[in-house]
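J.: Each residue of the sequence shown is one higher than the one before, starting from 2 at the first, in the working numbering.
The beta-carbon is built from N, C-alpha and C at its ideal position, and this holds for glycine as well.
Please find one structure pasted underneath; my questions will follow.
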Amino acid sequence: MVQNSAPVIKAPAGRIAIVADGNSPDPDDLGGTAVSIALLRAAGLENRLVHYSHSCDLIRNQRISESAEEERHALMQSSCDVTARRWGGFESITFLDAKWQKEKTIKDLAHAISVSTAEDPLWIIEAGEPDIIGFALKAAPKEKHQFVKVVTHHSANDDAGDFYEWQDILDFGVEEVRIPDQNIKLKVKLEDWDWAKNHPDPRIQGIWIQGKLAELDNIVKFQKGKWDCSDAGMVLYWITGATNGGLEQGNVDDVKSILLNYIEK
Numbered sequence: 002m003v004q005n006s007a008p009v010i011k012a013p014a015g016r017i018a019i020v021a022d023g024n025s026p027d028p029d030d031l032g033g034t035a036v037s038i039a040l041l042r043a044a045g046l047e048n049r050l051v052h053y054s055h056s057c058d059l060i061r062n063q064r065i066s067e068s069a070e071e072e073r074h075a076l077m078q079s080s081c082d083v084t085a086r087r088w089g090g091f092e093s094i095t096f097l098d099a100k101w102q103k104e105k106t107i108k109d110l111a112h113a114i115s116v117s118t119a120e121d122p123l124w125i126i127e128a129g130e131p132d133i134i135g136f137a138l139k140a141a142p143k144e145k146h147q148f149v150k151v152v153t154h155h156s157a158n159d160d161a162g163d164f165y166e167w168q169d170i171l172d173f174g175v176e177e178v179r180i181p182d183q184n185i186k187l188k189v190k191l192e193d194w195d196w197a198k199n200h201p202d203p204r205i206q207g208i209w210i211q212g213k214l215a216e217l218d219n220i221v222k223f224q225k226g227k228w229d230c231s232d233a234g235m236v237l238y239w240i241t242g243a244t245n246g247g248l249e250q251g252n253v254d255d256v257k258s259i260l261l262n263y264i265e266k
C-alpha cells in the first residue's frame, strides 16, 4: 500500500553537494549516507547531486585506531557505491574518499562551487568536519561564494575542523542554513527500523544493514541499540523545500513514507 502521508517533495532551485565523515569515531554516517542517497533517488532528485564525499575527517582522532579507521573508509565507500548502484540513477557521479582522494575531492567540490549562479546555487550538506568545504571554497572563485549555501544541524560538525573553524567558513561569504539537531528524531531505537529490516525489497533491507553496521560498531558505545541517520535529516529538509518550508525536524516516518512510496509505485 502506498504511504499517503509522505511529505511533499519541493526541492529549491540549485544543486546539492554532500560532505560526510564516517571515518571518525562516530559511525552514524553509514546509515546516514544510505538514507541520503535513497531519499534523493526516491524524490527524483538524483541528477541534482553533483558531489558526494565521505571520510572527511582528515586527521585521525586518537579514539579510533588506524586499522579501525581504514575499515571505516571501506564501509563508507560500500555504503555509497552499493546503495547508489542498487537504487540507480547515480551513474554520472563518483563517490569520493575525502581523505584518501583529498585533492580530487577538493577539485570536484570547487568545480561545483565555480559554476554556481543566483539561479543555480549550490547547497552543501555539512555532514562532517568543515575542512573539505573550506579548502574547496578557497580553491573556487571568490565571486561564486555568494551562491553557496551550507546546511548544518550540529556544532559537533561545525567545531570539529582541523584546518577550518565554522566562522572561517562563514567568512567566505556563504549563506549559513542552520536547522535543529537531527539526532532528536532520527537517532532512534533499533526496533523503529524493523519495517526496513523485514521489508521484502532488498533495497530497503540494504539501507537497514548500513544502519545496523553502525550499531554493531565497536569503537563507540553511544550507538548501541540505536539506528541513526541523523545527517540525512539535512537531505530530508532540502528535498522538502529547504528554506521555503522544508521539514526542519523530520522523523523516521517521513523517511519511511518517501522511500516506500517510491518502492511501491
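#1: In the DSSP assignment, the alpha helix (DSSP H) including residue 253 goes from what residue to what residue?
#2: Return the CA-CA distance between residue 171 and residue 72, expressed in angstroms with no decimal places.
#3: With 16 as the cutoff for other CB atoms within 10 Å, does residue 285 come out buried or exposed?
#4: Taking DSSP as the reference, what is the three-state secondary structure of residue 272?
#5: Can you give the beta carbon distance from residue 31 to residue 163, rounded, assuming they're within the 8 angstroms contact cut?
#6: Hey, how far is the Cα of residue 245 from the Cα of residue 253?
#7: Quick test of the definition: if touching needs 3 or more C-beta pairs under 8 angstroms, does the stretch 108-118 touch the stretch 56-70?
#8: Quick one: using the 10 Å Cβ neighbour count with 16 as the cut-off for buried, is residue 271 buried or exposed?
#9: Among residues of its own chain, excluding the 5 on either side of residue 48, which ones have a beta-carbon nearer than 8 angstroms to its beta-carbon?
#10: Tell me the start and end of each unbroken alpha helix (DSSP H) in the stretch 179-210 that is at least 4 residues and wholly inside, in chain order.
#11: Examine the Cβ distances between the stretch 133-149 and the stretch 225-238 and report whether three or more of them are shorter than 8 angstroms.
#12: Out of 192, 177, 247, point me to the one whose CA is closest to residue 153's CA.
#13: Bridge partners for residue 54 per DSSP, in chain order?
#14: Rounded to whole angstroms, how far is the Cβ of residue 23 from the Cβ of residue 34, which I believe are closer than 8 angstroms?
#15: Who are the near neighbours of residue 15 in its chain, counting only those whose CB is closer than 7 angstroms to its CB and skipping five residues on each side?
#16: Under the three-state reduction of DSSP, which class applies to residue 126: helix, strand or coil?
T.: In this structure, then:
#1: Reading the sequence shown from its first residue, position 252 is the one you call residue 253. Residues 253-265.
#2: Here residue 171 is taken as the residue at index 170 of the sequence shown, counted from 1. Here residue 72 is taken as the residue at index 71 of the sequence shown, counted from 1. Roughly 33 angstroms between the two C-alpha positions.
#3: An answer regarding residue 285 cannot be provided, because it is not within the stretch 2 to 266 covered by the chain.
#4: Lying outside 2 to 266, the shown extent of the chain, residue 272 is not represented and no answer is given.
#5: Here residue 31 refers to the residue found at position 30 when the sequence shown is read from its first residue. Here residue 163 refers to the residue found at position 162 when the sequence shown is read from its first residue. The pair is not a contact, with the Cβ atoms about 22 angstroms apart (cut-off 8 angstroms).
#6: To locate residue 245, count along the sequence shown from 1; it is residue 244. To locate residue 253, count along the sequence shown from 1; it is residue 252. The alpha-carbon atoms of residue 245 and residue 253 are separated by roughly 21 angstroms.
#7: The stretch 108-118 is not in contact with the stretch 56-70.
#8: Outside the displayed span of the chain (2 to 266) sits residue 271, for which this structure offers no information.
#9: Here the question's residue 48 lines up with position 47 in the sequence shown. So the list reads 90, 93, once near-sequence residues are dropped.
#10: 184-187, 195-198
#11: no
#12: One-based indexing of the sequence shown puts residue 153 at position 152. Out of 192, 177, 247, 177 has the C-alpha closest to the C-alpha of residue 153.
#13: Stepping through the sequence shown from its first residue, residue 54 is reached at position 53. Partner(s): 20, 97.
#14: Mapped onto the sequence shown, residue 23 falls at position 22. Mapped onto the sequence shown, residue 34 falls at position 33. Indeed, because the Cβ distance is near 7 angstroms, the residues count as touching under 8 angstroms.
#15: Walking along the sequence shown from the start, residue 15 turns up at place 14. 121, 122, 123, 124, listed in sequence order.
#16: What you label residue 126 is simply residue 125 of the sequence shown in a count that begins at 1. If DSSP states are grouped into helix, strand and coil, residue 126 belongs with the strands.
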